[in-house]
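There are 2 protein chains.
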Amino acid sequence: MSLFEKHKDLLDQAMRALHERTFFAAYPEHPSPKIYGETADEEGRKRFEASLGKKFDELKQPDPQDWIGEEESPYTQEKLGVTYPSFSVENLLGKAKDAYHHWRKVGADERAGILIESLEGVRSRFFEIAYATMHTTGQGYMMAFQASGPHAADRALEAIASGYEELGRFPGKAHWDKPMGKYNIVLDKQWRAVPKGISVVIGCSTFPTWNSVPGLYASLVTGNPVIVKPHPGAVLPMAIVVAEIQKVLIENDLDPSICQLAVDSFDSMITKDLAEHPTVKLIDYTGNSAFGSYLEALEGKVVFTEKTGVNSAILDSAQDIDKVAANLAFSVALYSGQMCTAPQNFYIPSGGVITPGGKVSFDEFAQKLVDNINGLVDNPKAGPFVLGTIQNKNTGDRISNAANLGGKVWLASRSIENPMFKNARIATPVVIELDASQKDKFSTELFGPIVLLIKTKDTDESIALAQEMAMEHGAISCGAYTTDDTVKEKIADEMALAATPVSFNLVGGIYMNQNAGFSDFHVTGGNPAGNASFTNPEYVVKRFTWVGHREPAVQA
Amino acid sequence: MSLFEKHKDLLDQAMRALHERTFFAAYPEHPSPKIYGETADEEGRKRFEASLGKKFDELKQPDPQDWIGEEESPYTQEKLGVTYPSFSVENLLGKAKDAYHHWRKVGADERAGILIESLEGVRSRFFEIAYATMHTTGQGYMMAFQASGPHAADRALEAIASGYEELGRFPGKAHWDKPMGKYNIVLDKQWRAVPKGISVVIGCSTFPTWNSVPGLYASLVTGNPVIVKPHPGAVLPMAIVVAEIQKVLIENDLDPSICQLAVDSFDSMITKDLAEHPTVKLIDYTGNSAFGSYLEALEGKVVFTEKTGVNSAILDSAQDIDKVAANLAFSVALYSGQMCTAPQNFYIPSGGVITPGGKVSFDEFAQKLVDNINGLVDNPKAGPFVLGTIQNKNTGDRISNAANLGGKVWLASRSIENPMFKNARIATPVVIELDASQKDKFSTELFGPIVLLIKTKDTDESIALAQEMAMEHGAISCGAYTTDDTVKEKIADEMALAATPVSFNLVGGIYMNQNAGFSDFHVTGGNPAGNASFTNPEYVVKRFTWVGHREPAVQA
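Respectively, the protein sequence lines represent chains A and B.
Residue 1 is where the first sequence starts when you use this note's numbering, and the numbers rise one by one after that.
Residue 557 is where the second sequence starts when you use this note's numbering, and the numbers rise one by one after that.
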């Protein structure tokens, strides 16, 4: 049985799910022993620990020019000591060019089968990847497992399904028979989906697999060789993914250079050299806006970016304001606000928020939010695990400086103790009040657990500001609370014009930060937060070119 | 019955045809009295003639700041004297902005119905449009009818069908029910296809409707208002199309500014002002490469271009070399080589072309081509009608200068008489021999009836040069003649890598210049000849943004 046949049912399910957009997940998100095996967690942890201080020797990339690695755990603030083979840009591109001509000739069925098989390999290492993610990104255990493991694998499968569907969108061949009156012109036509060429996937330090595998698998399924360039601070999770892909390639007698890992160091980044090279045709990127905009402006490249944005929460009216405060407190605490979907700007009318029990004033809501944040972070069974750690010192500095923004500090950032990691880099959320007139202070992303409570004239001003921020500075998510259908439609319409998805009235165990594969598009491509949207058709169709040839049909 | 219901069958047929890619045409290409009515041709001609020297008063664009028009017939070399209402860029954009918010709220069904209805109106004026096209582009009557009439309408319908399909690709709503173990998280989700915004369609002087209606209808069906900016030398054909669209909009109580005509003059072009304006989000363009590349580089725009290219004909081997020479002679004579799909560079091995009767030498083939061109242009029943005229003086100058390129002149350009138009601007094809080493001379598009016969070492060099030209300078078509399956696959593969469709072994009444709606993608987006491809999914999905909103489901 071919790998395509082996995985065809899953591929079909995934293609169906793409269009139904109801709940679908191929990889269970709960790290349950019943699902993944009684010893899976411990084995994964041990495997991660065994890799520390050693060469990562799983890659099928021989003869490196060096072994390098600079990862540091935000939990211990110590080096992981894992080193990876490094290569010159020319060496990587030379191998990718050869691989291109092998991989593009492998059929779509076989490519899809191979790629889903590689996800099976990744699945067997979800726990190891989880620990690798914890100790590079600083995420809490649960998020590290879910985001880097099953959720990332679902997003990868989604990209495979989307690409596979597009490759089959037009026929390989057709018989074109045109009546001309006295005779017919009959042509045999054929269409080829020609992959664009070498693809470079540039990772980030906070979601190393979740943000990288969609582009990686989208490029691969459409026939492009990929060079994965992880953030030097978060290499290991993607190294494992690349190793699993290379393993399946070799098992199928294919060139492992179809997917290469390109590791660099903080003071000698190779990203620009890769991106600017004329043989590189596709770039996927997650990271800061300045570099993302530089990439988007490169001539002759197809570039997919996820950059930064200013996400808003609009408070108009609510059925239960305490549940709202609890939900939003969790949203800002989750991984210490280091999610591209976390809310930053809270727009609250100066007249307060309408509730069944009367108006809740701006100050009352602010206090409720503060109380909920404190309650969460000071709960030793929740706080350390929800917050995780601060991935890097720059974010730590940004949090410290936030208190100097000029507004009233409703809640100062502080540290709490993580019972397992005494040296963990922790900073709890800071909450600051600003006025709608202080636009210069809230018109930029302050990445990290920084909450700005912005006092507006009314909800119309809140909506206008949220829309303006999204249109001018980008936005990936928006939370809104309203019990008024007219206001709701106004928010839905105005934010849709700013290409920002809105989560309305979320309370309980679902948060505006969360984003589900096969249902929620991630980023929309419609505002400055990025031009990618996984996984919509544009995300895959731009990775190949339809070329049609034709010739007179041979008469039977 | 709604317009959607009225046209639903045709829309369904068109969507099916998009994917089957077998022969389909909604609008008959033959100007037959049996199809279009006994008096249709004469009435169309009279209506065209009646418009000369007058204000074109059909547009629903009141209060112009001026009436302008500079069209000149290449057949008479006299001004048409038709004037059109002109408006400031700010005026046009202000009206388009208002229209955006009306049009985007009209459902996809209704938009599709309205747009197909407008094509019915265009159909009723195919002959008038044909004469308007003749006397602006200089095309022969048959081409003017077919290209500006039925073929353009088919391309427009194709764009409507493609856009309509993409708008329905994801559900408007879904119920997302996620099992969480002890409870479920249930969300109501909805997706909106948000049109990008104001669209500007920039026309060219040679195919004013065929090259403009795909972008026009693709933008309109996806909810964007469109400003049509025709070439000042070829306004009337698109003015009629815009008038027909506005007519249907008004009949349906919609703002006619959803589709506006923006006429300018040669010495006061408004194209840059329109294109650079921040409210313009979509640009479709056909024309020269320099301006196209400038447009592509504009930040924050979705730009679709069809620029110039260097199209090749590769001669390797042939069953019947005389039929090949006849076919290619027609290809270069058709509308005097002023088609973006016409061949320019003929690569012929120095050792000759293999045929069943032995090798046909380079010189023998050159002479056959020359003889066929002369035979065609000197046939009074064919020559003037196939050649049409030279659209503008620049092309005429280019043809004159070609003789000075430096190679042997196999055939000099000359004029012939058009029995109906004594002043017609006519230039027959010029044929020049160059060596493969003279790359600087054949690496650029020489728009017009200019044929370069390039002597190569062998077919491998021919293929390499054709590929290089396409990759470096763009190509929209390629002709190839070979009876060897290995060579054929090599050409197919190498030219596919250069994103160039190949027509193999065409003889008889089908030519590499010709391109069929619903079957041949036009331009591929994969080489410098342009980033558009109508109508592939990318051509429509980039015109809107998928935005998803969600909220907790109301419990039943």
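Glycine included, each C-beta is placed from N, C-alpha and C at the ideal position.
In the three-state reduction of the DSSP assignment, residue 942/B falls in the helix class. Closest option to residue 484/A, judged by alpha-carbon separation, among 365/A, 315/A, 366/A, 512/A: 315/A. Residues of chain A whose Cβ lies closer than 9 Å to the Cβ of residue 1027/B do not exist; the shortest such Cβ separation is about 11 Å.
Per the coordinates, the alpha-carbon of residue 306/A lies some 21 Å from the alpha-carbon of residue 838/B. Proximity of chain B to residue 180/A at the Cβ level (cut-off 8 Å) is accounted for by 1065, in chain order. Following the DSSP letters along the chain, one finds residue 1104/B inside the beta strand (DSSP E) bounded by residues 1100-1108. Chain order gives the chain B residues near residue 503/A as 1105, 1106, 1107, where near means a beta carbon separation below 8 Å.
At least one CB of chain B lies nearer than 8 Å to the CB of residue 171/A. For residue 579/B, the C-beta contacts it makes with chain A under 7 Å involve 176, 177, 178, in order along the chain. In the structure shown, residue 882/B adopts helical secondary structure according to DSSP, grouped into three states. Closer than 8 Å to the CB of residue 520/A there is at least one CB belonging to chain B. In the structure shown, the three-state DSSP call for residue 59/A is coil. Within the model, the alpha-carbon separation for residue 1097/B versus residue 83/A is close to 43 Å. The beta-carbon distance between residue 136/A and residue 214/A, rounded to whole angstroms, is 19 Å. This is too long to meet the 8 Å contact definition. For residue 935/B, the three-state secondary structure derived from DSSP is coil. Put simply, the backbone Cα of residue 301/A is about 21 Å away from that of residue 160/A. Not one beta carbon of chain A lies nearer than 8 Å to the beta carbon of residue 1019/B.
Counting only Cβ-Cβ distances below 9 Å, residue 659/B has no contacts in chain A at all, with the closest Cβ about 13 Å away. For residue 111/A, the closest Cβ of chain B is not nearer than 8 Å. For residue 545/A, the residues of chain B that pass the 7 Å Cβ criterion are 1055, 1080, 1081, 1082, in the order they occur in the chain.
Legend: CB atoms of the stretch 58-80 of chain A lying less than 8 Å from CB atoms of chain B are not found in any residue. Setting aside the 5 residues that flank it on each side, residue 402/A is surrounded in the same chain by 430, 432, 446, 450, each with a C-beta closer than 7 Å to its C-beta; the list follows chain order. Burial is judged here by how many other beta carbons sit within 10 angstroms of a residue's own beta carbon; residue 759/B has at least 16 and is buried. In this chain, residue 854/B is not harboured by any alpha helix (DSSP H), its DSSP state being neither H nor E. Interface criterion not met: the Cβ of residue 871/B is under 8 Å from no Cβ in chain A. In the DSSP annotation of this structure, residue 345/A is not part of any alpha helix (DSSP H); the continuous beta strand (DSSP E) holding it starts and ends at 345-349. Following the DSSP letters along the chain, one finds residue 624/B inside the beta strand (DSSP E) bounded by residues 622-624. Residues 344, 345, 346, 432, 434, 442 of the same chain have their beta carbon placed closer than 7 Å to that of residue 452/A, with the five preceding and five following residues left out of the count.
Under the 10 Å beta carbon count, residue 1056/B is surrounded by 16 or more other beta carbons and is classified as buried. Taken residue by residue, none of the stretch 895-927 of chain B has a beta-carbon sitting less than 7 Å from a beta-carbon on chain A. When DSSP states are grouped into helix, strand and coil, residue 730/B belongs to the strand group.
The CB of residue 1098/B comes closer than 8 Å to the CB of 538 in chain A, given here in chain order. Shortest Cα-Cα distance from residue 742/B to any of 376/A, 531/A, 506/A, 554/A involves 506/A. With a contact defined as Cβ atoms closer than 8 Å, residue 642/B and residue 819/B qualify at about 5 Å. Residue pairing from DSSP places residue 229/A in a beta bridge opposite 202/A. DSSP places residue 821/B in no alpha helix (DSSP H); its state is neither H nor E.
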